[in-house]
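Notes follow once the structure below has been shown.
Residue numbers (this note's numbering): 2 to 445.
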């Protein structure tokens, strides 16, 4: 990489990429103008940075440096850099390799972790790192070769080290966590907060989450029993058990999950529901959190909603052509009610979302009432039910009818009142979609 002079970032933030590279002394005005002409000839289908590289005018490092400056991020040269082991340990190997980042500095007083990455487009990684590990994260950009060198240097031999067995051994050797053995009911709020920030607990939870998402699990279970604590996840309808951690970290794990989902860690007597949003290897993943108090602690279940794995397309649902034709005939009617029935997990929500996705256009007003909202769809007005404050399907449906909708989705018909209002709406010029829980074909 040729050495370049980088003016202060404040002078470059928000400037065009070409102007920044001129300021850096990498390109001339004539070269930039020539590339802009090429971009215009391609009708904007190529990014200007791609054209600079295509013409061999810049290398990857220079381009990333300019992109970083454009976003107000600083560039860090990592040539010859040595990172203390205590800093490297802040980010497990699997997480570093998944998000393509390396920690380089840690300021304990500010709980601030500085990481380097090779692309300013990877900004979601810092958000996820802050959510998963609880640090204030500051990002710097470096060249791809330098980052790869750091990853190989510090994480090369730890690919198999960050497994659950070794993390559990670390937890069992943690004297702070051992103090809570047998104290599930007597842990106060300050101790819960301290438990949720325990580094071994964070690392274990992050490893479980990343492994479950990688293995395409649909649900992750954390279950307290009288003499043990189980971690299981469901793949293709079957539950698989992971190596169980010590029972005394039950409160620490549930508290950490609550912190990530913005739930009340002090409330341990009532059920709670929340949501965690992550980006894993560039794919958006939502975790729907359910916390349930039990005899021996809080049972926590995370429903994994990997939006990259879900295709809301009627063609991809596996219907026969005749059935698909009938479904399309029904959903394109101007009014009426379409009810999708079946047991839990059979694809009722996916079927309805696929139908709405096909009907979603600028001329159609679509409003949904869901409990919970499982996927965010552009162009739809989606309403989350809150029964604890009286926002039920029936009550919400009455208000929706005054919002001039063309199509209404009622997440589930649970009572007679909701069924009556949905039926009335379908008779007054609205197309209504809903679901009904049934366990077999005769029930449907």
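Glycine residues also receive a C-beta, built at the ideal position from the N, C-alpha and C atoms.
(request) Leaving out five residues on either side along the sequence, give the residues of the same chain with a beta carbon under 6 Å from the beta carbon of residue 456. (result) No answer is possible for residue 456: it lies beyond the span of the chain, which begins at 2 and ends at 445.
(request) Run the CB neighbour count on residue 215, radius 10 Å, all protein chains shown included, and call it buried at 16 or more, exposed below. (result) The residue is exposed, with fewer than 16 neighbouring Cβ atoms inside 10 Å.
(message) Quick check: the Cα distance between residue 433 and residue 402, rounded to an integer number of angstroms?
(response) Take the alpha-carbon of residue 433 and the one of residue 402: they are about 11 Å apart.
(request) Kindly confirm or deny that the segment 84 to 92 and the segment 51 to 60 touch, where touching means at least three C-beta pairs closer than 8 Å. (result) The answer is no - the segment 51 to 60 does not touch the segment 84 to 92, with fewer than three Cβ pairs under 8 Å.
(message) Rounding to the nearest angstrom, what Cα-Cα distance links residue 405 and residue 238 in this structure?
(response) Just so you know, the alpha carbons of residue 405 and residue 238 end up roughly 40 Å apart.
(request) Pull up the distance between the alpha-carbon of residue 301 and that of residue 385, whole angstroms please. (result) If you draw a straight line from the Cα of residue 301 to the Cα of residue 385, it comes to about 21 Å.
(request) Would you mind giving the Cβ-Cβ distance between residue 30 and residue 39, rounded to the nearest angstrom? I have them listed as a contact below 8 Å. (result) Contact between residue 30 and residue 39 is ruled out by a C-beta separation of about 15 Å, above the 8 Å threshold.
(request) Would you give the residue range spanned by the beta strand (DSSP E) that residue 299 belongs to? (result) Residue 299: member of the beta strand (DSSP E) spanning 298 to 307, first to last residue.
(request) Have a look at 211, 191, 318, 27 and flag the residue whose alpha-carbon is nearest the alpha-carbon of residue 54. (result) That would be 27, whose Cα lies nearest to the Cα of residue 54.
(message) Here's the rule I'm using: 16 or more other beta-carbon atoms within 10 Å means buried, otherwise exposed. How should residue 382 be labelled?
(response) Around the C-beta of residue 382, fewer than 16 other C-beta atoms lie within 10 Å, and the residue is accordingly described as exposed.
(request) Give a yes or no on contact between the segment 310 to 323 and the segment 274 to 282, applying the rule of three or more CB pairs nearer than 8 Å. (result) No, because fewer than three Cβ pairs between the segment 310 to 323 and the segment 274 to 282 fall closer than 8 Å, the two stretches do not touch.
(request) Verify whether the separation of the beta carbon atoms of residue 231 and residue 247 is less than 8 Å. (result) Contact: no.
(request) Output the boundary residues of the beta strand (DSSP E) element that contains residue 223. (result) For residue 223, the enclosing beta strand (DSSP E) covers residues 220 to 225.
(request) Report the rounded CA-to-CA distance for residue 32 versus residue 66, giving the unit in angstroms. (result) Going from the Cα of residue 32 to the Cα of residue 66 covers about 18 Å.
(message) Starting from residue 44, trace the alpha helix (DSSP H) in both directions and tell me its first and last residue.
(response) No alpha helix (DSSP H) contains residue 44, which DSSP labels as neither H nor E.
(message) Using only the alpha-carbon positions, how far apart do residue 126 and residue 156 sit?
(response) Taking the straight line joining both Cα atoms gives about 18 Å.
(request) Alpha carbon to alpha carbon, how far is residue 424 from residue 139? Give it in angstroms, no decimals. (result) Inter-residue distance for residue 139 and residue 424 is about 54 Å (C-alpha atoms, whole angstroms).
(request) Rounded to whole angstroms, what's the CA-CA distance from residue 228 to residue 296? Just pull it up for me. (result) The alpha-carbon atoms of residue 228 and residue 296 are separated by roughly 12 Å.
(request) Quick one: residues in its chain with C-beta nearer than 7 Å to the C-beta of residue 392, no 5 flanking neighbours on either side, listed in chain order? (result) Its chain contains 386 as the residues whose beta carbon lies nearer than 7 Å to that of residue 392, once the 5 sequence neighbours on both sides are disregarded; these appear in chain order.
(message) Measuring alpha carbon to alpha carbon, tell me which residue in 328, 105, 357, 75 is nearest residue 89.
(response) Residue 89 has its Cα closest to that of 105, out of 328, 105, 357, 75.
(request) In the DSSP assignment, find the beta strand (DSSP E) that holds residue 98 and state where it starts and stops. (result) If you look at residue 98, you'll find it isn't in any beta strand (DSSP E); it sits in the alpha helix (DSSP H) that goes 94 to 100.
(message) Would residue 361 pass as an interface residue toward chain B - the criterion being a Cβ-Cβ separation below 8 Å?
(response) Although the question refers to chain B, the structure presented lacks it and comprises just one protein chain.
(message) Considering only their Cβ atoms, is the gap separating residue 305 from residue 218 smaller than 8 Å?
(response) With respect to residue 305, residue 218 sits close: the two C-beta atoms are nearer than 8 Å.
(request) Indicate whether residue 338 and residue 444 have their beta-carbon atoms separated by less than 8 Å. (result) Pairing residue 338 with residue 444 gives a Cβ-Cβ distance that is not under 8 Å.
(message) The beta strand (DSSP E) that contains residue 113, what's its start and end?
(response) Here the beta strand (DSSP E) through residue 113 covers 113 to 118.
(message) Considering Cα atoms alone, identify which of 17, 399, 209, 280 is closest to residue 242.
(response) Among 17, 399, 209, 280, the Cα nearest to that of residue 242 is on 209.
(request) State the DSSP-derived secondary structure class of residue 160, mapped to helix, strand or coil. (result) Note that residue 160 has pLDDT 46, beneath the 50 cutoff, so the model's placement of it is unreliable and no number is given.
(request) Excluding the 5 residues preceding and the 5 following residue 255 in the sequence, name in chain order all residues of the same chain whose CB lies nearer than 6 Å to its CB. (result) The answer, listed in chain order, is 299, 301.
(message) What residue range does the alpha helix (DSSP H) around residue 354 cover?
(response) Segment 349 to 360, the alpha helix (DSSP H) holding residue 354.
(request) Determine the burial state of residue 161: buried for a count of at least 16 other Cβ atoms within 10 Å of its Cβ, exposed for fewer. (result) With a pLDDT of 42 at residue 161, under the threshold of 50, the modelled position of that residue is not reliable, and no figure is offered here.
(request) Compute the Euclidean distance between the alpha carbons of residue 252 and residue 220, then round it to the nearest angstrom. (result) CA-CA distance, residue 252 to residue 220, rounds to 20 Å.
(request) Measure the C-alpha to C-alpha separation of residue 92 and residue 414 and round it to an integer number of angstroms. (result) Their Cα atoms are separated by approximately 45 Å.
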